[in-house]
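Position one of the sequence shown corresponds to residue 0 (numbering that gives the first Met the number 0), numbered consecutively onward.
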Amino acid sequence: MGNITKILLGSAAEFIDRFEDAWTKNPYPNPHKWLSSVDYQNTDLAIELCAVDLEWRWRIQAIAEQHEKKGVQNDIPLCPVAEDYRSVIGDLWKVDEMRQRLVMVEWGVRNMWGDRPDTDSFLSMFPDDESWQHQLEAQLDALLPLDVSILKNGGLVMEMHVPARFHLGRQKKEEPSPPAWVNSTARFLIAKGEERQISREQVQVRRTRRGELELRNAAGPFTVQLDFDFLKPNATARFALPIALRFGDILASFGETFNDRR
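Take a look at the structure:
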């Protein structure tokens, strides 16, 4: 962009668009200089600029040739985390809402372009916010929906999107015949009511990061059969996606679908 003159902010969106455009050139823009060039009242601008910068740095390390990385400033790492922008946003870092927004961007960017962080490591950042886990799961769900395909006796009978946390279990009397999804209880029915060896909530499914599910098998006699593994009763383990679980004549196959919203 060359020399940046001090301006009164007329359009935050236009300013961010220009910053995005600068990232398509080399040398790459310095967020410190860009933000200091603007007289702004809207704190959203600082967070948005840092969010754009964070994503571009992760994308460059993932897709660019080494010689194209030379224009990246060393004061912010090539693969930054939200905290690396404390010096850019200053006192805004002390505001939980602002900090949380930037951490959420980090979560999404690292899942798409980086090291696929563990959900639990991000949950610990805001332990007093009961909605934080839902926010993380919703963000990952928007970027990479989790889908299930149900086959019975080798034939496809059902396909749908499933949430980040749910149970696989046995049908109750008033519920539809399996395979079926019960939204009110977030349960996937994979066995009829008379199949007593399987409990109502036999397997708890939790999405732990991109490309991975955590499965917890309930106590009892039932061992969950997977592609090339098994999960004993009362055991918890994580498995890479895609993965298929077999329950008698029903096969539940789980995988992710990339949702390119750009």
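No residue lacks a Cβ here, since even glycine has one placed at the ideal position from N, Cα and C. From a predicted model like this one, the values you see are computed outputs, not experimental measurements.
- With contact defined as three or more Cβ pairs closer than 8 Å, the region 197-207 and the region 153-172 are in contact.
- For the pair Val102 and Glu194, the Cα-to-Cα distance works out to about 45 Å.
- Taking a C-beta distance under 8 Å as the contact criterion, Arg109 and Trp57 qualify as a contact pair.
- As summarised for the region 68-136, the continuous alpha helix (DSSP H) elements at least 4 residues long and confined to that stretch are 85-88, 95-112, 118-122, given in chain order.
- 8 Å or more divides the Cβ of Glu213 from the Cβ of Arg245.
- Only residues of its own chain outside the window of five on either side were considered, and among them Ser148, Ala243 have a CB closer than 6 Å to the CB of Ser252, listed in chain order.
- In this structure Ile88 is not in contact with Val71, their Cβ atoms being roughly 19 Å apart against a cut-off of 8 Å.
- Taking a contact to require three or more Cβ pairs closer than 8 Å, the region 122-133 and the region 212-231 do not qualify as touching.
- In this model, Ile46 and Asp127 are separated by some 22 Å (Cα to Cα).
- Leu143 carries a coil assignment under DSSP once its states are collapsed to helix, strand and coil.
- Assigned with DSSP and collapsed to three states, Trp55 falls in helix.
- The beta carbons of Ala163 and Asp146 sit no closer together than 8 Å.
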